[in-house]
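Chains as they are written, first to last, in the numbering used here: chain R, 4 to 380; chain Z, 1362 to 1838.
Ideal Cβ placement from N, Cα and C applies to all residues, glycine included.
Notes for the one structure printed next.
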């Protein structure tokens, strides 16, 4: 079988938006999704660890994180819609087959995610009621492991999406009269593990920044100076750990797993090389800023670190997109698919997007005012 | 047909969509109706300054969030994940048509999540005016998300004036959209009320007075809901495409069920009027559970009917139940179903290279030269890709039971005249030779008539041999 044989035809409907628009919202959507996703991805494990083994401030951190975790998960799940939507629009010939080949895993994510999310609530409500039970602790562990496992399954989907030769193996192994059982994963893919753990490293770094952010801005009145001091130092250390994981896994991915031709296609262009270099070194700047506030969180430093971390995530998302495009264009240059722009729905969406941002801004301003007043009182 | 088919034994993969969609709708309707009722009742409680009512509403909001933001939201995205696995071509098409509809939906989902959490966590900390407003932001966002998604599901049942060169709005404003929006608005209010009765019956067990107030207030929403369900349902029925109405009339189960849904909405209206509205306070936990289960059953049935009458299409007149674009059918009928599917063709090419023609396509004429077992195997491939969307082998709508005791002729005739046998099946989309392969496969499965029935067992046996004789004669001629 030839990989090209398995790629379906182009949709007669035409893409509803130009390719750059689809890619832009796919990447933007992914950045927005990554922020909360990173926080539960690494943060929930931290909660479980500190809730079980932690003392004093560590325990306090577990409690603080768990109180905001329900909204973080809700936001992250909903913010995941747009990147997946635009993946389905722009890359359908690759996305759907990969998903179907591992359909059982995909389908199981629904149940796993519901369990994981209720687990977050069980622990969070137990902290709120000040009654920590074994059941609540166990829930925190189950949730954190479930989140990491879901990440593993999603990594499978997105690595399988570009690994067309592996479709053939899977198709041969898991079909019943030509229909697939959906039991596969992309386990034979050398990029799978480093990709998965690279995101985990990145998640640790984002969580570290969030911990500093939380200590300096949320519930100001209830936060002791000691905790703030501790949080500054801890955020710095945690970031360093995340950076080590990210760097190690990133190097494995780029130098040990990624196909040379793909790497060359990106780094062969000055812009690509620059992008990769920036992606690799950008977390270093955040670490430096966090180093500056290791003796206690400071608003200015934390805001700077947060903005820089946003840039780190942005660079990661763009690099990933670039690599994905190189890998996919090998089979079909999806940027050249026919386009039939749906102007008025597109404009309606953009307008609503802005209105939505404004409404969110208004609501956040309202609660910020409440928090400020509480801090004064 | 552009994608691999996901084989789920005994159930068929599209049934997974039905399962998850049904449990989703129980909660998603509450997410909308409950948001409206909570915003309305909170405004009322502030206005009359009723502290205990506010406290109750606050505790209900936590219950509401735990159910809608977790279970409701995740099963909602779950439906979307599942349709991509089980009906990929239809999903690909819907997403191309409605991508910006879904993108707008996303804006409202995010607004819902943020406003719901603020509404709950800042209860008592925000001034009443802002708090009320945030409740209404949630209600409006949730309602618009209902409107948007309903336009898309309505489009699947009737594409109206849409053609592939027309954009999203033509697709959105199809004849089914408004009736379905009204029916669902009603269902959402009605179902939300039942959730409130249920919650209040337990939570306010000891507080008779407050419970009576909550019941009385809620029953207004519920009655409005029951009325809207009836109006929307009737309008929906009037606007149904012919095939859907025939499906309703033909399937006695669907027919009885839909009458039940209408009748029970009307009954519920009067029950509500004379019950919690005129005589509030009498709903005890047992009654609340009963009411609630009735509501769930009616909602589930309504949605089941809505989905059921769409056959043979996933998108009316555009994508069939077996994931084929309608306009591709004539070509497939002449050059072959196996040829028309990306994965079926790759499969045949890899496993049966002897049937590939010089032009790189499957040569129809070579199919029937394969040894009998290979013919049956390819027949099975055809079954997977052409029939397994709606039929399993032994389980749900199992083909084995459907063809029990059938002669080869009968099976062959139905295969080539699917749409004539039942208009809710798509037409046969392959060549004559492919029909023969599929028939061979089905014959190899078809069990004899049950033994012990004198006339049928005699007939069935003679029928089989008769059919074989004719086959034999034809071959020998």
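Item, Value
"Along the chain, where does the alpha helix (DSSP H) containing residue 1650(Z) start, and where does it finish?", "1646 to 1669"
"Determine, using beta carbons only, whether residue 106(R) and residue 185(R) come nearer to each other than 8 angstroms.", "yes"
"Residue 143(R) to residue 77(R), Cα distance in whole Å?", "16 angstroms"
"What does residue 1419(Z) reach in chain R if we use C-beta pairs closer than 7 angstroms?", "The premise fails here: residue 1419(Z) is roughly 14 angstroms from chain R at the closest Cβ pair, so nothing lies under 7 angstroms."
"On the premise that residue 171(R) lies in contact with residue 6(R), defined as a C-beta separation below 8 angstroms, what is that separation, rounded to the nearest angstrom?", "7 angstroms"
"Is it true that the stretch 1746 to 1755 of chain Z meets the stretch 1645 to 1662 of chain Z, where meeting means three or more beta-carbon pairs spaced less than 8 angstroms apart?", "no"
"Alpha carbon to alpha carbon, how far is residue 1775(Z) from residue 1806(Z)? Give it in angstroms, no decimals.", "15 angstroms"
"Leaving out five residues before and five after residue 1725(Z) in sequence, what residues of the same chain have Cβ atoms less than 7 angstroms from its Cβ?", "1697, 1792 and 1794"
"For residue 17(R) and residue 285(R), what's the separation of their Cα atoms in angstroms?", "38 angstroms"
"Quick one: which chain R residues come within Cβ less than 8 angstroms of residue 1738(Z)?", "180"
"Tell me where the beta strand (DSSP E) around residue 1674(Z) begins and ends.", "1674 to 1676"
"Less than 8 angstroms between the C-beta atoms of residue 1573(Z) and residue 1392(Z), yes or no?", "no"
"CA-CA distance, residue 230(R) and residue 1450(Z)?", "54 angstroms"
"Let me confirm a value: residue 1600(Z) is counted as buried when at least 16 other C-beta atoms fall within 10 Å, else exposed. Which label applies?", "buried"
"Let me know the secondary structure DSSP gives residue 182(R) once reduced to three states.", "strand"
"Exposed or buried, residue 1524(Z), counting other C-beta atoms within 10 Å across all chains shown (16 or more means buried)?", "exposed"
"Counting along the chain, where does the alpha helix (DSSP H) carrying residue 1848(Z) start and finish?", "Only positions 1362 to 1838 of chain Z appear in this structure, which leaves residue 1848(Z) out of reach."
"Using CA atoms only, rank isn't needed, just tell me which of 27(R), 216(R), 348(R) and 122(R) is closest to residue 87(R).", "27(R)"
"Could you run through the stretch 1732 to 1765 of chain Z and flag, in chain order, every residue whose CB is less than 8 angstroms away from some CB of chain R?", "1738, 1741, 1742, 1744, 1745, 1746 and 1749"
"Measuring only between beta-carbons, confirm whether residue 1842(Z) sits less than 8 angstroms from chain R.", "Chain Z is shown from 1362 up to 1838; residue 1842(Z) falls before or after that span and cannot be answered."
"Contact defined as beta carbons within less than 8 angstroms: I believe residue 1722(Z) pairs with residue 1700(Z). What is the distance between those atoms, to the nearest angstrom?", "5 angstroms"
"Is the stretch 131 to 150 of chain R touching the stretch 43 to 62 of chain R in the sense that three or more CB pairs, one from each, lie closer than 8 angstroms?", "yes"
"Taking DSSP as the reference, what is the three-state secondary structure of residue 1523(Z)?", "coil"
"Give the residues of chain Z in contact with residue 355(R), contact being defined as C-beta atoms less than 7 angstroms apart.", "1465 and 1468"
"Output the distance between the C-alpha atoms of residue 160(R) and residue 189(R), rounded to the nearest integer angstrom.", "7 angstroms"
"Taking only beta-carbon positions, decide if residue 1563(Z) is within less than 8 angstroms of chain B.", "The question asks about chain B, but that chain is absent: this structure's protein chains are R and Z."
"Note down the Cα distance separating residue 1826(Z) from residue 1801(Z), rounded to an integer number of angstroms.", "With a pLDDT of 45 at residue 1826(Z), under the threshold of 50, the modelled position of this residue cannot be trusted; read the value that follows with caution. The alpha-carbon atoms of residue 1826(Z) and residue 1801(Z) are separated by roughly 15 angstroms."
"Residue 1440(Z) and residue 120(R) - do their beta-carbons sit closer together than 8 angstroms?", "no"
"Specify, as a first and last residue, the run of the alpha helix (DSSP H) that residue 47(R) falls within.", "22 to 56"
"At a Cβ threshold of 8 angstroms, is residue 88(R) touching chain Z?", "yes"
"By Cβ distance below 7 angstroms, which residues in the same chain neighbour residue 198(R) in space, the five residues on each side in sequence not counted?", "158, 162 and 256"
"Going by DSSP in three states, residue 1643(Z) sits in which element: helix, strand or coil?", "coil"
"Excluding five sequence neighbours on each side, which residues of the same chain lie with their C-beta closer than 6 angstroms to the C-beta of residue 381(R)?", "Because chain R in this structure spans residues 4 to 380, residue 381(R) falls outside the shown range and cannot be described."
"Please determine, among 10(R), 32(R), 12(R) and 21(R), the residue with the shortest C-alpha to C-alpha distance to residue 321(R).", "32(R)"
"Please list, in chain order, the residues of the stretch 4 to 15 of chain R that have any C-beta partner in chain Z closer than 9 angstroms.", "4, 5, 8, 9, 10, 11, 12, 14 and 15"
"Put residue 1582(Z) into one of helix, strand or coil per three-state DSSP.", "helix"
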